[in-house]
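Worksheet: one structure, shown below.
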Amino acid sequence: NLPNRVTIIEVGPRDGLQNEKLLVPTHIKKQFISALKDAGIQEMELTSFVSPKWVPQMSDAAEIVADSSDDQVRNIVLAPNRKGIDRVYTTNCKAVAVFVGVSNSFNLKNINKTTQDSMTELKPIIHELKEKNYSVRACISTAFYCPYEGRIEESDTLKLCREFVDAGVDELSVADTIGMASPTESYSLFSKLKEEFSHTLLTAHFHDTRKLGLANILAALQAGINRFDSSAGGLGGCPFAPGASGNTATEDVVYMLERMGIETGIDLHKLMSAIEIVRPYVSRKIESGYYRLYAQN
Ligand code: HMG
Ligand code: MG
Numbered sequence: 003n004l005p006n007r008v009t010i011i012e013v014g015p016r017d018g019l020q021n022e023k024l025l026v027p028t029h030i031k032k033q034f035i036s037a038l039k040d041a042g043i044q045e046m047e048l049t050s051f052v053s054p055k056w057v058p059q060m061s062d063a064a065e066i067v068a069d070s071s072d073d074q075v076r077n078i079v080l081a082p083n084r085k086g087i088d089r090v091y092t093t094n095c096k097a098v099a100v101f102v103g104v105s106n107s108f109n110l111k112n113i114n115k116t117t118q119d120s121m122t123e124l125k126p127i128i129h130e131l132k133e134k135n136y137s138v139r140a141c142i143s144t145a146f147y148c149p150y151e152g153r154i155e156e157s158d159t160l161k162l163c164r165e166f167v168d169a170g171v172d173e174l175s176v177a178d179t180i181g182m183a184s185p186t187e188s189y190s191l192f193s194k195l196k197e198e199f200s201h202t203l204l205t206a207h208f209h210d211t212r213k214l215g216l217a218n219i220l221a222a223l224q225a226g227i228n229r230f231d232s233s234a235g236g237l238g239g240c241p242f243a244p245g246a247s248g249n250t251a252t253e254d255v256v257y258m259l260e261r262m263g264i265e266t267g268i269d270l271h272k273l274m275s276a277i278e279i280v281r282p283y284v285s286r287k288i289e290s291g292y293y294r295l296y297a298q299n
């Protein structure tokens, strides 16, 4: 009962680059985004409207989205608060991702607010976004483990998801921020999400810190999930989650799915060309299995 087709939400330009030590030039980011679209990416997190003091790498957000409205791709931008949303309103972006941690300690480090204070701020914002016909995605961080609090109770994650669904979001992207979930835990949580939130787009977001990303994706697939966040080249990580490494690499996910007969619509060869655009500008070595083989040939 696996799906015939899976949607990949490419998060490389946002999650992939937010943690880089050196600033990637804006025109290189734009070339990267455009090459990813050319490779067949249909949904993508382009950037985030966060504080440039907190995350200098995303300070060119307005420029990144300046000419990104005239295509068929769902261009998503992140915003953590009212100030971020007001910045989004000055652009053509029509899909917004808000983000909150299940873990209060993580949320304080990431957004400087308790989880509940973030929710109090975000609920009317979500309502407003829906009234203005925006598509709203909620990213749920530390859904399995927190770098500060350890294991997170499934019931706490489900409760936060419920609050977002009740507030009217279209999509939940549920994240293993520090790549610590096991396939058993992935299957268990995504089965429950699938059962409870049958009218919400459900997406799994795995970081590959312990190289369990693909196994966790397979487990989530078996639980009925058909949307996955991943990052070209396996770049990424949250600057406020110590120990977080990159997302599961898009090329490894696509390769696995295509070998299983599951369509993604993504051209691996063109995806390699997209990676080659940013590779000289990132400090991280590209270590995905698929890229290593490609680079040897
Ligand atoms: P704060 O310092 O508490 O903000 O930061 P504040 O409200 O006190 O305002 C301080 C100053 O920042 C003011 O400017 C504001 O205008 C400005 P000043 O008066 O001093 O000149 N400011 C902003 N500027 C631009 N854009 C904004 C904004 N908001 C305030 N949106 C804040 C609070 C939320 C801003 C900060 O903590 C922040 O930017 N955090 C974002 C952290 C982040 O980007 N983390 C990574 C993304 S989440 C992630 O990676 C996880 C995910 O991948 C899933 C997973 O793997 O878990 C999604
Ligand atoms: Mg992430």
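Heads up, the sequence shown is in the UniProt record's numbering, so the first residue is 3 and it goes up one at a time. All C-beta atoms, glycine included, are put in the ideal place defined by N, C-alpha and C.
CA-CA distance, N106 to T116, rounds to 5 Å. Inclusion of I279 and F34 in the CB contact set at 8 Å is warranted, their separation being smaller than that value.
For N106, the uninterrupted alpha helix (DSSP H) segment begins and ends at N106 to I113. G235 has its CB no nearer than 7 Å to any heavy atom of the ligand MG.
Boundaries of the beta strand (DSSP E) around I142: S137 to S143. Taken through DSSP and simplified to helix, strand or coil, R7 comes out as strand. Relative to the ligand HMG, the beta carbon of A177 is positioned inside 7 Å of a heavy atom. Around the beta carbon of S70, a 10 Å sphere encloses 16 or more other beta carbons of the protein chains shown; the residue is thus reported as buried.
In the three-state reduction of the DSSP assignment, I219 falls in the helix class, which pools H, G and I. The straight-line gap separating the alpha-carbon atoms of P149 and N114 is approximately 16 Å. Taken from the Cβ of V57, at least one heavy atom of the ligand HMG lies inside 7 Å. With 16 or more other Cβ atoms from the protein chains shown falling within 10 Å of its own Cβ, E22 counts as buried. Ranking N83, I30, K39 and A37 by CA distance to the CA of E65 puts I30 first. Distances between the C-beta of G238 and the heavy atoms of the ligand MG include at least one below 7 Å. Counting other Cβ atoms within 10 Å of its Cβ, R7 stays below 16 and is therefore classed as exposed. Taking a C-beta distance under 8 Å as the contact criterion, Y292 and D231 do not qualify as a contact pair. Short of 6 Å from the beta carbon of S50, and not among the five residues preceding or following it, lie these beta carbons of its own chain, in chain order: R16, M60 and L80. Under the DSSP definition of a beta bridge, A99 partners with L80 and R139. Contact between the stretch 175-190 and the stretch 132-152 is present, with at least three C-beta pairs closer than 8 Å. Pairing D88 with N299, the inter-Cα distance amounts to about 47 Å. Under the three-state reduction of DSSP output, D254 falls in the helix class. In the displayed model, M274 falls within a helix according to three-state DSSP.
Straight through space, the alpha carbons of T92 and L131 are spaced by roughly 13 Å.
When C-alpha distances from T266 are compared across K194, S175 and E45, the shortest belongs to E45. Going by DSSP, H29 is part of the alpha helix (DSSP H) stretching over T28 to D40.
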